[in-house]
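K.L.:
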Amino acid sequence: MAEKDHLESAALDILPIENDPSAQQDDGEVFKSGAAEGNFRTLGWIPAAVILMKLCFATGVLAIPSAMVVVGYVPGIILLIVFGAVTTYYAYVMYDFRMRFSGVHNIADAAAVMAGPIARDVTGALFLLTWILATGSGLIGMATGLKVLSDGKVCTVIYAVVAAICTALAASIRTLGKLAILTWIGFACIFTAVFIIVVGVTQVDRPAAAPKTGNYDLNFIALGTPGFVAGLTATINLFAGYGSTPTFMPVIAEMARPKDFRKSLLTSQAFLAACYVAFGMVVYAYCGQYVASPSLSSAGGTLGKVAYGIAIPGLIMTSTLWVHVAAKFLLVRILRNSEHLQSNSRIHWITWLGSTFGITAISFVIAESIPFFSYLIGLIGSLCCAPTCLVIPAFMGLYIQKGEPASFRKIALTILHWVVIIVGTFFTVAGTYTTVQSIIDAYALGTDRAMSDLVRLITARAFVRPHTSVDLPTGSTASNYQQALWRSGGRGAGIVDMQSQNLRKCRTIPGQPDH
1 MAEKDHLESA
11 ALDILPIEND
21 PSAQQDDGEV
31 FKSGAAEGNF
41 RTLGWIPAAV
51 ILMKLCFATG
61 VLAIPSAMVV
71 VGYVPGIILL
81 IVFGAVTTYY
91 AYVMYDFRMR
101 FSGVHNIADA
111 AAVMAGPIAR
121 DVTGALFLLT
131 WILATGSGLI
141 GMATGLKVLS
151 DGKVCTVIYA
161 VVAAICTALA
171 ASIRTLGKLA
181 ILTWIGFACI
191 FTAVFIIVVG
201 VTQVDRPAAA
211 PKTGNYDLNF
221 IALGTPGFVA
231 GLTATINLFA
241 GYGSTPTFMP
251 VIAEMARPKD
261 FRKSLLTSQA
271 FLAACYVAFG
281 MVVYAYCGQY
291 VASPSLSSAG
301 GTLGKVAYGI
311 AIPGLIMTST
321 LWVHVAAKFL
331 LVRILRNSEH
341 LQSNSRIHWI
351 TWLGSTFGIT
361 AISFVIAESI
371 PFFSYLIGLI
381 GSLCCAPTCL
391 VIPAFMGLYI
401 QKGEPASFRK
411 IALTILHWVV
421 IIVGTFFTVA
431 GTYTTVQSII
441 DAYALGTDRA
451 MSDLVRLITA
461 RAFVRPHTSV
471 DLPTGSTASN
481 YQQALWRSGG
491 RGAGIVDMQS
501 QNLRKCRTIP
511 GQPDH
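Per full-length UniProt numbering, residue 1 is the first one in the sequence shown, and the count goes up by one each step.
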């Protein structure tokens with residue numbers, strides 16, 4: 001009875017399903033089956049699996065090869081497999097949690113069950129921030145692709161506006177069931193584009209970013225030796241490839257049979273892990289330190305244009321899904337338990353369209369403010385995905401175990417949950433700090449602020465002694481410079497900014513002179 005009172009205090013009408021009479025009639029879901037004006041629950045498990053894959057297989061996959069440049073391929077493969085297993089397990093925990101409580105639609109509702117309305121509001125704000133930032137990264141990817149296709153003849157801000165308009169219009173399709181066919185097309189496009197790059201980099205004489213003449217070194221290494229900042233940022237970039245698992249809960253809410261989610265989850269996550277390892281390894285093996293970020297530019301020339309041309313519909317659909325689930329969160333939050341939630345009323349459509357276009361507009365502003373693709377992915381992974389993919393689901397696991405009798409399984413899972421909470425908290429605090437500092441340093445180096453050509457930059461952090469200067473010949477890369485700095489035995493934070501494979505500018509931070 002005390003638990004029931006606590007749940008009612010969250011003002012969400014969330015109850016354990018076995019104690020909720022209405023749940024016996026319509027399985028306790030927010031969206032009711034067979035609604036006359038708006039039936040949201042039409043997804044089968046196969047379309048749901050494709051949506052889950054498309055939510056993850058997007059801008060995150062484009063950052064994997066450049067992350068392997070930093071950590072090496074052995075840690076890269078291990079981290080991809082471990083992150084895949086952990087996020088799959090905690091996605092199942094989220095599914096298990098929402099199936100135990102009537103009315104849980106998203107991770108903010110779950111937080112309300114565990115800790116009340118304040119936790120709901122904080123978690124909901126974090127959920128929205130996650131997908132606003134993610135959509136911003138998608139707009140950067142789309143604008144970069146359009147710029148590549150046009151040879152840079154039009155301002156990239158215009159391309160970003162076009163991408164934002166397309167995203168908002170597509171995201172305004174009201175149900176995931178109706179978006180399913182577009183999701184199939186989008187997934188096929190982004191997968192084909194990635195496959196073109198994987199095949200393309202194996203067919204060229206040298207990477208597009210490598211020196212045009214003379215010998216070159218790919219620096220293809222099994223184990224990297226990055227500094228703390230570079231290593232943590234790369235690790236979080238690898239983790240971000242699986243960072244969409246909190247969006248799986250709203251997808252379950254639109255499945256005709258929510259219990260089929262387990263099949264969708266295992267299918268999508270197994271496919272993702274296989275693609276991430278294969279794609280990352282092949283591109284890194286053939287491009288080495290000359291891999292581009294986003295990696296669709298790694299093949300260069302005509303292949304790069306073909307890949308971007310095919311990928312753009314896929315990138316649009318990714319941003320569309322991110323805006324859609326964020327807007328659906330707002331729709332449920334505002335209209336929950338009202339007659340307008342599944343109706344065609346004016347209030348419903350004003351709320352829905354205001355949410356989709358409003359979220360897209362904010363994402364556009366962020367894309368213009370933080371035009372650094374890898375750093376934005378890192379910021380999403382640390383500030384947003386770590387708490388929502390790891391920390392909060394681990395607390396959900398602990399909450400589910402309350403009242404269970406002591407056993408070896410319970411002890412083992414409790415240890416796992418607390419380890420994940422600690423790791424997720426570390427990712428959140430340390431990762432956010434290092435990523436924000438990297439963005440500040442990138443601005444200090446004079447990188448363009450509006451949708452910059454970072455696709456042609458290789459940025460690395462090293463530890464150098466203040467006022468340390470290392471002279472390298474034309475054609476040297478950021479990795480060469482980092483190794484030389486390590487040999488010099490320096491300390492302190494340093495940045496190398498490489499453009500067109502020429503050492504353009506290097507300087508120690510903060511406040512050290514250019515060299």
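The beta carbon of each residue, even a glycine, is placed where N, CA and C say it ideally should be.
Quick check: what's the CA-CA separation for Thr-318 versus Val-251?
P.N.:
The residue given as residue 318 occupies position 318 in the sequence shown. The residue given as residue 251 occupies position 251 in the sequence shown. About 14 Å.
K.L.:
Per DSSP, Met-255 is paired with what?
P.N.:
Locating residue 255 in the sequence shown gives position 255, counting from the first residue. Partner(s): Leu-43.
K.L.:
Could you check the C-alpha separation between Phe-279 and Phe-195 for me, to the nearest Å?
P.N.:
Locating residue 279 in the sequence shown gives position 279, where the first residue counts as 1. Locating residue 195 in the sequence shown gives position 195, where the first residue counts as 1. Each residue's alpha carbon lies about 8 Å from the other.
K.L.:
Who are the Cβ neighbours of Phe-239 in its own chain at under 6 Å, not counting the five residues just before and after it?
P.N.:
For the purposes of this step, residue 239 is identified with residue 239 of the sequence shown, where counting begins at 1. Hits under 6 Å: Phe-83 and Gly-381.
K.L.:
Below 8 Å on the Cβ atoms is my guess for Ala-163 versus Leu-129; work out the distance and round it to an integer in Å.
P.N.:
To locate residue 163, count along the sequence shown from 1; it is residue 163. To locate residue 129, count along the sequence shown from 1; it is residue 129. At roughly 20 Å, the Cβ-Cβ gap does not stay under 8 Å, so Ala-163 and Leu-129 are not in contact.
K.L.:
Is DSSP giving Phe-213 helix, strand or coil here?
P.N.:
Here residue 213 corresponds to residue number 213 of the sequence shown, with the count starting at 1. Note that residue 213 is Thr in the sequence shown, not Phe. In the structure shown, Thr-213 sits in coil (DSSP, three-state: anything other than H, G, I, E or B).
K.L.:
In whole angstroms, give me the CA-to-CA distance for Trp-322 and Cys-385.
P.N.:
Counted from its first residue, the sequence shown places residue 322 at position 322. Counted from its first residue, the sequence shown places residue 385 at position 385. Approximately 13 Å, taken between the alpha carbons.
K.L.:
Going by alpha carbons, who is nearest to Met-396 out of Leu-55, Asn-39, Ala-119 and Leu-80?
P.N.:
Start at 1 with the first residue of the sequence shown, and residue 396 comes out as number 396. Taking only the C-alpha atoms, the option nearest Met-396 is Ala-119.
K.L.:
Tell me whether the stretch 186-193 and the stretch 301-315 touch, counting them as touching only if at least three CB pairs, one residue from each stretch, are closer than 8 Å.
P.N.:
yes
K.L.:
Residue range of the alpha helix (DSSP H) that Cys-384 falls in?
P.N.:
Here residue 384 refers to the residue found at position 384 of the sequence shown. That residue, Cys-384, is in no alpha helix (DSSP H); it is neither H nor E in DSSP.
K.L.:
Would you mind working out which of Gly-424, Ser-363 and Asn-237 sits nearest Ile-165, comparing C-alpha positions?
P.N.:
What you label residue 165 is simply residue 165 of the sequence shown in a count that begins at 1. Proximity to Ile-165 across Gly-424, Ser-363 and Asn-237 peaks at Ser-363, based on C-alpha coordinates.
K.L.:
DSSP three-state label for Asp-151, please.
P.N.:
The residue labelled residue 151 in the question sits at position 151 within the sequence shown. Coil, per DSSP.
K.L.:
Would you please state the rounded distance, in angstroms, between the beta carbons of Ala-361 and Trp-131? I believe it to be under 8 Å.
P.N.:
Position 361 of the sequence shown, counted from the start, is the residue given in the question as residue 361. Position 131 of the sequence shown, counted from the start, is the residue given in the question as residue 131. That belief does not hold up - the Cβ atoms of Ala-361 and Trp-131 are roughly 14 Å apart, past 8 Å.
K.L.:
Does the structure place the stretch 71-80 close enough to the stretch 218-237 that three or more beta carbon pairs sit under 8 Å?
P.N.:
yes
K.L.:
Near Thr-432, what residues of its chain come up, given a Cβ to Cβ distance below 6 Å and the 5 sequence neighbours on each side ignored?
P.N.:
Position 432 of the sequence shown, counted from the first residue, corresponds to residue 432. Result list for Thr-432: Ser-382 and Leu-383, in chain order.
K.L.:
Going by beta carbon distance, what residues of the same chain come within less than 6 Å of Thr-135, once the five residues before and after it are set aside?
P.N.:
On the sequence shown, position 135 is the one that residue 135 refers to. Hits under 6 Å: Ser-319, Trp-322, Val-323 and Ser-363.
K.L.:
On the three-state DSSP scale, how would you describe Thr-87?
P.N.:
Residue 87 sits at position 87 when you count from the first residue of the sequence shown. Looking at Thr-87 - three-state DSSP - the assignment turns out to be helix.
K.L.:
Could you tell me the boundaries of the alpha helix (DSSP H) in which Gly-304 lies?
P.N.:
Translated into positions along the sequence shown, residue 304 becomes position 304. Taken as a continuous stretch (DSSP letters only), the alpha helix (DSSP H) holding Gly-304 covers 301-335.
K.L.:
Of the residues Lys-54, Ala-67, Pro-47 and Val-30, which one's Cα is nearest the Cα of Gln-289?
P.N.:
Taking the sequence shown and counting its residues from 1, one reaches residue 289 at position 289. Selected option, being the one with the closest Cα: Ala-67.
K.L.:
Spatial neighbours of Arg-41 within its chain, please: C-beta separation below 6 Å, excluding the five flanking residues on both sides.
P.N.:
Start at 1 with the first residue of the sequence shown, and residue 41 comes out as number 41. Only Phe-31, Ser-33, Glu-254 and Ala-256 meet the Cβ criterion.
K.L.:
Would you give the residue range spanned by the alpha helix (DSSP H) that Gly-431 belongs to?
P.N.:
Along the sequence shown, read from residue 1 onward, the residue named residue 431 stands at position 431. No alpha helix (DSSP H) holds Gly-431; DSSP gives it neither H nor E.
K.L.:
Check whether the stretch 260-273 touches the stretch 48-61, taking contact to mean three or more Cβ pairs, one atom from each stretch, closer than 8 Å.
P.N.:
yes
K.L.:
For the candidate residues Val-93, Val-154 and Thr-88, whose alpha-carbon lies nearest to that of Tyr-399?
P.N.:
Residue mapping note: residue 399 aligns to position 399 of the sequence shown, counting from 1. Closest by alpha carbon: Val-93.
K.L.:
So, with DSSP's three-state summary, where would you put Leu-445?
P.N.:
Sequence index remark: in the sequence shown, residue 445 carries index 445 (1-based). It is coil, neither helix nor strand.
K.L.:
May I have the straight-line CA-CA distance separating Thr-356 from Leu-232, to the nearest angstrom?
P.N.:
Position 356 of the sequence shown, counted from the start, is the residue given in the question as residue 356. Position 232 of the sequence shown, counted from the start, is the residue given in the question as residue 232. If I take the Cα positions, the gap works out to 33 Å.
K.L.:
Alpha carbon to alpha carbon, how far is Leu-353 from Gly-304?
P.N.:
Along the sequence shown, read from residue 1 onward, the residue named residue 353 stands at position 353. Along the sequence shown, read from residue 1 onward, the residue named residue 304 stands at position 304. Leu-353 and Gly-304: Cα-Cα distance of roughly 35 Å.
K.L.:
Where do the N-terminal and C-terminal ends of the alpha helix (DSSP H) with Tyr-159 fall, by residue?
P.N.:
By 1-based counting over the sequence shown, the position of residue 159 is 159. Tyr-159 -> alpha helix (DSSP H) spans 156-171.
K.L.:
Spatial neighbours of Leu-315 within its chain, please: C-beta separation below 6 Å, excluding the five flanking residues on both sides.
P.N.:
Here residue 315 corresponds to residue number 315 of the sequence shown, with the count starting at 1. Hits under 6 Å: Gly-138, Gly-141 and Met-142.
K.L.:
Within its chain, find whatever has a CB closer than 6 Å to the CB of Thr-267; leave out the 5 residues flanking it on each side and keep chain order.
P.N.:
The count along the sequence shown starts at 1 and reaches residue 267 at position 267. Only Ala-49 meet the Cβ criterion.
K.L.:
Within a Cβ cutoff of 7 Å, which residues of the same chain sit near Pro-387, ignoring the five residues on either side of it in sequence?
P.N.:
Taking the first residue of the sequence shown as position 1, residue 387 is located at position 387. For Pro-387, where only same-chain residues beyond five positions count, the Cβ hits under 7 Å are Leu-126, Gly-424 and Thr-428.
K.L.:
Out of curiosity, what's the CA-to-CA distance linking Val-436 and Leu-376?
P.N.:
Reading the sequence shown from its first residue, position 436 is the one you call residue 436. Reading the sequence shown from its first residue, position 376 is the one you call residue 376. Each residue's alpha carbon lies about 9 Å from the other.
K.L.:
In angstroms with no decimal places, state the Cα-to-Cα distance between Ala-171 and Ala-110.
P.N.:
For the purposes of this step, residue 171 is taken as residue 171 along the sequence shown, with counting starting at 1. For the purposes of this step, residue 110 is taken as residue 110 along the sequence shown, with counting starting at 1. For the pair Ala-171 and Ala-110, the Cα-to-Cα distance works out to about 25 Å.
K.L.:
What residues in its chain sit with their C-beta under 6 Å from that of Asn-106, if we drop five residues either side in the sequence?
P.N.:
Sequence index remark: in the sequence shown, residue 106 carries index 106 (1-based). Contacts found: Met-249, Pro-250 and Phe-329.
K.L.:
Whole angstroms is fine: what's the gap from Leu-218's alpha carbon to Pro-207's?
P.N.:
The count along the sequence shown starts at 1 and reaches residue 218 at position 218. The count along the sequence shown starts at 1 and reaches residue 207 at position 207. Using only the alpha carbons, I get a separation of about 9 Å.
K.L.:
Please identify the residue among Cys-287, Ser-244, Tyr-286 and Pro-258 whose C-alpha is closest to the C-alpha of Gln-269.
P.N.:
Position 269 of the sequence shown, counted from the first residue, corresponds to residue 269. Minimum Cα distance to Gln-269 is reached at Ser-244.
K.L.:
Report back the beta-carbon spacing between Cys-287 and Val-201 to the nearest angstrom; my notes put them in contact at under 8 Å.
P.N.:
In the sequence shown, counting from the first residue as 1, residue 287 sits at position 287. In the sequence shown, counting from the first residue as 1, residue 201 sits at position 201. Indeed they touch by this definition, with Cβ atoms about 6 Å apart.
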